[in-house]
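To keep things clear, I will list the structure first and then write my remarks on it.
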Amino acid sequence: MAFQEMGKAFVGFYYPAFAEDRAKLADVYTDQSCMTFEGAQFQGKQPIVDKLTSLPFKKVNHQITTVDSQPIIGVDDNQACCVMVTGQLKTDDDPPHSFHQTFVLRPANGSFVVANDIFRLALHN
Amino acid sequence: MASPDYDYLIKLLALGDSGVGKTSLLFNFTDGEFNAGFIATVGIDFREKRVTYTSRNGEKSKVHLQLWDTAGQERFRSLTTAFYRDAMGFLLVFDLASEQSFLNTRNWLSQLESHAYCATPDIVLCGNKADLDEKRQVSSERALQFAKEHGLPYFETSAATGENVEESIMHLLDLVMKRMDNTVNKQYEEEKAYKLDGSQNSQSSSSSCFCG
């Protein structure tokens, strides 16, 4: 299904870019983008990229377990897409952590941008 | 079930920025002993060690120390409440070769204030990597001044040479044991006071009742 593939294609771009150079992710966010990272809220390309590039690790690797996508009916001629990712990530020499991340992708100039991005490590009480 | 072969189980936490050497410090203290391991869903690591504690009246007791360590999730600023739960003392570690890690001890202190079992828990401040003298960014005077302001004992430690590692952790244990001792004694005194004039106590409480 098209939305499933769109989600997978986005994930296939996003996480390798995150690992290689977080500053590159500036391209996928706009000044209207919202990000909630571990409960902290950021809005706009620069604040989001500043947050991502300031995370204190050198190496990071994401292992994706699942990617689920849905169209958002009634938005952008039904072209917008909601993507939920689960997986594990490993930073520097730390043990791996599970995480969840949800994106809302909206069409823009023949491509897509991240309108919303919500990230959490899967830690429990 | 067999009763445990120790008198006290004490849970201590190591806190501080990632990379300051918390894990190495605990590794040094426990001689590389690595039990039970990583609890993935909570993101916690812990090590254990048996020590003997001598109280101020000379009584010896066997203490089973559990030293809890983060597993890197502090990089994301996500320590869950489970991490702080039941912790009796805190080892707040910064890197003497990292100004930023020293500045961040303030944030860790305020985190502790809101998450620990009380607003003024027992904390020992450790300036780690004391062996890297040529890379030092935080002077002993500055660290001491900060420690004094917050009423914290301060040690300069080195996980590499073992300098002050045992001293700092045992000092923390001492604070925790003394606090426990005081609390228990206070409870005992209160209980005794209650027993001595128990009838009066119950009378006064009923007379202060709103319906009374």
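Protein sequence lines, in the order shown, are assigned to chains Z and A. Numbering (full-length UniProt numbering) for the first sequence: 1 to 125. Numbering (full-length UniProt numbering) for the second sequence: 1 to 212. Yeah, the Cβ is synthetic: ideal placement off N, Cα and C, and Gly gets one too.
Under DSSP, the beta-bridge partners assigned to residue 87 of chain Z are Z:64, Z:99. In terms of beta-carbon proximity, residue 87 of chain Z stays away from the interface with chain A, with every pair separated by 9 Å or more. The Cβ atoms of residue 118 of chain Z and residue 36 of chain Z sit closer than 9 Å to each other. Minimum Cα-Cα distance from residue 60 of chain Z among the listed residues Z:33, Z:25, Z:125, Z:90 corresponds to Z:90.
Contact residues of the stretch 10–34 of chain A toward chain Z are 18 (C-beta to C-beta distance below 7 Å). At the C-beta level, residue 169 of chain A and residue 92 of chain A stay beyond 9 Å of one another. If you ignore the 5 residues before and after residue 103 of chain Z, its C-beta comes within less than 6 Å of the C-beta of 83, 114, 117, all in its own chain and listed in chain order. DSSP places residue 49 of chain Z in the uninterrupted alpha helix (DSSP H) bounded by 45–54. Residue state for residue 123 of chain A is assigned as strand, using DSSP reduced to three classes. If you keep only unbroken alpha helix (DSSP H) runs of at least 4 residues inside the stretch 88–147 of chain A, you get 99–103, 105–115.
Excluding its 5 nearest sequence neighbours in each direction, residue 43 of chain Z has C-beta neighbours in its own chain below 6 Å: 34, listed in chain order. Closer than 9 Å to the CB of residue 102 of chain Z there is not a single CB belonging to chain A. The alpha-carbon separation between residue 115 of chain A and residue 81 of chain A amounts to approximately 7 Å.
Residue 51 of chain A has A:63 as its beta-bridge partners, per DSSP. From the beta-carbon of residue 125 of chain Z, the residues of chain A found nearer than 7 Å are 80, 81, 82. Assigned with DSSP and collapsed to three states, residue 25 of chain A falls in helix. It is roughly 19 Å from the alpha-carbon of residue 52 of chain A to the alpha-carbon of residue 27 of chain A.
The Cβ atoms of residue 123 of chain A and residue 109 of chain A sit closer than 9 Å to each other. Boundaries for residue 155 of chain A: no alpha helix (DSSP H) harbours it, while the beta strand (DSSP E) harbouring it runs 154–156, taken from the DSSP string. Shown in chain order are the members of the stretch 48–71 of chain Z whose Cβ falls below 8 Å from a Cβ of chain A: 55, 56, 57. For residue 121 of chain Z, the closest of Z:108, Z:100, Z:63, Z:105 by C-alpha to C-alpha distance is Z:100.
Inter-residue distance for residue 148 of chain A and residue 154 of chain A is about 8 Å (C-alpha atoms, whole angstroms). Residues of chain A whose Cβ lies closer than 8 Å to the Cβ of residue 117 of chain Z do not exist; the shortest such Cβ separation is about 14 Å. For the options A:79, A:133, A:83, A:162, the alpha carbon positioned closest to that of residue 98 of chain A is the one of A:133. With contact defined as three or more Cβ pairs closer than 8 Å, the stretch 61–74 of chain A and the stretch 15–27 of chain A are in contact. Not one beta carbon of chain A lies nearer than 9 Å to the beta carbon of residue 112 of chain Z.
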